[in-house]
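Novice: Below: one structure in structure tokens.
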Amino acid sequence: MDYNFHWRPVFKTLPDLLQSAVLTLEVAILSMILGILFGLALSLIRINMTGPLKWFAVSWIELARNTPALLQLFFFGFGLGAFGIHFSPFLIVLMGLTFNNAGYLAENFRGGFNAIPDTQIKASLSLGMNSFQTYTRIIIPQVLRIVYHPMTNQMVWAVLMSSLGMLVGFRELSGETQFFASKTYRIFEYFAVTAVIYYVLVKIILGISRLIANRLFKY
Amino acid sequence: MIKITNLHKQYGELEVLKGIDLEVPKGEVLSVIGSSGSGKSTLLYCINGLEPIQKGQIIVDDIDVHASDTNLNSVRQNMGMVFQQWNSFPHLTVLENVALAPKIVSKLSKSDALEIAEKQLRHVGLGDKLSQYPSALSGGQQQRLAIARALAMEPKCMLFDEATSALDPELVGEVLDTIRLLADEGMTMICVTHEMGFAREVSDRVAFFHEGKIEEINQAEKLFGSPKSKYLQKFLSKVKT
Chain A
389 MDYNFHWRPV
399 FKTLPDLLQS
409 AVLTLEVAIL
419 SMILGILFGL
429 ALSLIRINMT
439 GPLKWFAVSW
449 IELARNTPAL
459 LQLFFFGFGL
469 GAFGIHFSPF
479 LIVLMGLTFN
489 NAGYLAENFR
499 GGFNAIPDTQ
509 IKASLSLGMN
519 SFQTYTRIII
529 PQVLRIVYHP
539 MTNQMVWAVL
549 MSSLGMLVGF
559 RELSGETQFF
569 ASKTYRIFEY
579 FAVTAVIYYV
589 LVKIILGISR
599 LIANRLFKY
Chain B
184 MIKITNLHKQ
194 YGELEVLKGI
204 DLEVPKGEVL
214 SVIGSSGSGK
224 STLLYCINGL
234 EPIQKGQIIV
244 DDIDVHASDT
254 NLNSVRQNMG
264 MVFQQWNSFP
274 HLTVLENVAL
284 APKIVSKLSK
294 SDALEIAEKQ
304 LRHVGLGDKL
314 SQYPSALSGG
324 QQQRLAIARA
334 LAMEPKCMLF
344 DEATSALDPE
354 LVGEVLDTIR
364 LLADEGMTMI
374 CVTHEMGFAR
384 EVSDRVAFFH
394 EGKIEEINQA
404 EKLFGSPKSK
414 YLQKFLSKVK
424 T
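Structure (structure tokens):
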């Protein structure tokens, strides 16, 4: 093997890489926030409703969980693009990840809701709380604890999945790496450094998640 | 206080309550006994509006519980209910468990809600557990927590659904003592129970349920002392009194 490692160009553009890592985090966090909201709604619809709305929720969940994330991204990019509906690369990735996150989280939430005994609802109704108060004060806080770790997993998955963004022209961490790698031909070096950045990002997320859990779940 | 006329309740095809007429005046303690599946618990769920009814009427404090224009949430504020599974809210401390409903349902200020909660918890003997989470409590303590939680809404009556059935035997006493305390204070109560000794001692009247009907109802001493119905005689011969 007569490959000579050249790390200098990588380190020279490290600030650019780190900046694109921020973009990666941004899209991952936003897609998680939206994913949690949509996922919660989807699971509640799936549990409580019948008819077209339920059909819609089940289709969403099924497609999100059983088709490649890349194809989901392509749908919001090239798929809708074919019909003349165009979004910025950032929005395409955000929509794709949100779609995927919501589908997976919806099933986690459903498991969480099923794990709360029905009698908790009866008990809070018997105290005069209405259904909204019962859900927001009693049920959802307990569900969030049950789905907390699956949710952390999904957050990690969202960060890693966002790398697919480079295939729809989004210059997040992987897209930026690809850009510099092909410009300088230091392909191995660039992707090696990027892998380390991803690794550190994920470790930070897991660490923060643990800290939050320690503060939040005292029971 | 509570007036029930011709109450019918069905779960699908299964008729659980087949015409119940019952009146519980203010301050009375009524125990409901009978074998499993006789409709005792269902009666409490119907009174609290947790289960819809098919026929009849339930009036609590001059309000028709099942009328379509009745606000169930406000009806329930006047009725405390304690369940077989104590149902403490695991994510809230003991104090928060009790203070939550006064705060968000009765719209008390935070400090007033906490004050009431603390008062009720001391009342049931949990004054030293305020900042604990329910998981650190025994079953008996959790059931007393549930009683304090219901009392914090300052209800006009209390419904107990087999409040001691899920407890270890050595913990039954402390919960019964708490209910006894309420009886002494003149609280109107309906207690579905399997504790015959307790029913006999604490209740003003006892109703015996059999297959969805009130088979016999009488003052506690008379019902246990000289049961008339042959079903009641058979029931009492099987349980220790």
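Protein sequence lines correspond, in order, to chains A and B.
Residue 607, in this note's numbering, is where the first sequence stops; the numbers in between run on with no holes.
Residue 424, in this note's numbering, is where the second sequence stops; the numbers in between run on with no holes.
Think of the CB as a built atom: it goes at the ideal place given N, C-alpha and C, for glycine as much as any other residue.
#1: In chain B, which residues lie with their C-beta within 8 Å of the C-beta of Asn-518(A)?
#2: Starting from the beta carbon of Pro-529(A), find every residue of chain B whose beta carbon is closer than 9 Å, and list them in chain order.
#3: Just grab the DSSP bridge partners of Arg-388(B) for me.
#4: Could you check how far apart the C-beta atoms of Leu-334(B) and His-306(B) are, in whole angstroms? I think they sit under 8 Å.
#5: Between which two residues does the beta strand (DSSP E) containing Gln-193(B) stretch?
#6: I'd like to know if the segment 254-267 of chain B and the segment 510-520 of chain A are in contact, where contact means that at least 3 CB-CB pairs between them fall below 8 Å.
#7: Counting only beta-carbon separations shorter than 9 Å, does Pro-505(A) have a partner in chain B?
#8: At 3 residues or longer, what runs of the beta strand (DSSP E) sit wholly inside the segment 406-459 of chain A?
#9: Should Ile-203(B) be flagged as near chain A, meaning a C-beta pair shorter than 9 Å?
#10: Within 10 Å of its beta-carbon, does Ser-409(B) have 16 or more other beta-carbons around it, so buried, or fewer, so exposed?
#11: Inspect the beta-carbon positions of Ala-300(B) and Ala-282(B) and report whether they are closer than 9 Å.
#12: According to DSSP, is Ile-203(B) part of a helix, a strand, or is it coil?
#13: According to DSSP, is Leu-342(B) helix, strand or coil?
#14: When the distance is taken between beta carbons, is Pro-285(B) closer than 9 Å to Pro-317(B)?
#15: Note down, in chain order, each residue of its chain lying with its Cβ closer than 6 Å to the Cβ of Glu-357(B), except the 5 sequence neighbours on either side.
#16: Flag this pair as yes or no: are the beta carbons of Lys-186(B) and Val-243(B) separated by less than 9 Å?
#17: Quick one: is Gly-439(A) buried, meaning 16 or more other Cβ sit within 10 Å of its Cβ, or exposed?
#18: Taking only beta-carbon atoms, is Ile-526(A) less than 9 Å away from chain B?
#19: Check the Cβ of Tyr-607(A) against every Cβ in chain B and list those closer than 7 Å, keeping chain order.
#20: Runs of 4 residues minimum, wholly inside the segment 234-277 of chain B: which ones carry the alpha helix (DSSP H) assignment?
#21: Helix, strand or coil: how does DSSP classify Leu-532(A) here?
#22: In chain A, what lies closer than 7 Å to Asn-231(B) by C-beta?
#23: Rounded to whole angstroms, what is the Cα-Cα separation between Phe-444(A) and Ile-433(A)?
#24: Please state whether DSSP places Glu-298(B) in a helix, a strand or coil.
#25: Among the residues of its own chain, which have a CB less than 7 Å from the CB of Ser-597(A), if the five just before and after it don't count?
#26: What residues in its chain sit with their C-beta under 6 Å from that of Phe-487(A), if we drop five residues either side in the sequence?
#27: Between the alpha carbons of Gly-500(A) and Arg-574(A), how many angstroms are there, rounded?
#28: Where does His-306(B) sit, in a helix, a strand or coil, going by DSSP?
#29: Are any of the Cβ atoms in chain A nearer than 9 Å to that of Gln-260(B)?
#30: What are the start and end residues of each continuous beta strand (DSSP E) run of 3 or more residues lying completely inside the segment 341-382 of chain B, in chain order?
#31: Helix, strand or coil for Glu-394(B)? Go by DSSP, reduced to three states.
#32: Note down, in chain order, every chain B residue with its Cβ under 8 Å from the Cβ of Gln-508(A).
#33: Measuring CB to CB, does Phe-426(A) end up less than 9 Å from Leu-493(A)?
#34: Can you give me the C-alpha to C-alpha distance between Gln-530(A) and Ile-435(A), rounded to a whole angstrom?
Specialist: The relevant details are as follows:
#1: Within 8 Å Cβ-Cβ: Asn-256.
#2: Within chain B, the residues near Pro-529(A) are Phe-272, His-274 and Leu-275.
#3: Leu-213(B) and Gln-402(B)
#4: 7 Å
#5: 185-194
#6: yes
#7: yes
#8: none
#9: no
#10: exposed
#11: In contact: Ala-300(B) and Ala-282(B) (Cβ atoms closer than 9 Å).
#12: If DSSP states are grouped into helix, strand and coil, Ile-203(B) belongs with the strands.
#13: Leu-342(B) carries a strand assignment under DSSP once its states are collapsed to helix, strand and coil.
#14: no
#15: Gly-323
#16: Yes, Cβ-Cβ distance for Lys-186(B) and Val-243(B) is below 9 Å.
#17: exposed
#18: yes
#19: Pro-273, His-274, Tyr-316 and Ser-318
#20: 255-260
#21: helix
#22: Ser-514
#23: 9 Å
#24: helix
#25: The residues are Thr-540.
#26: Taking C-beta separations shorter than 6 Å and ignoring five residues to either side along the sequence, the partners of Phe-487(A) in its chain run Ala-452 and Gln-460, following chain order.
#27: 47 Å
#28: The three-state secondary structure of His-306(B), taken from DSSP, is helix.
#29: Answer yes: the Cβ-Cβ gap between Gln-260(B) and chain A drops below 9 Å somewhere.
#30: Counting only runs of 3 or more, we get 371-375.
#31: coil
#32: Asn-270 and Phe-272
#33: yes
#34: 17 Å
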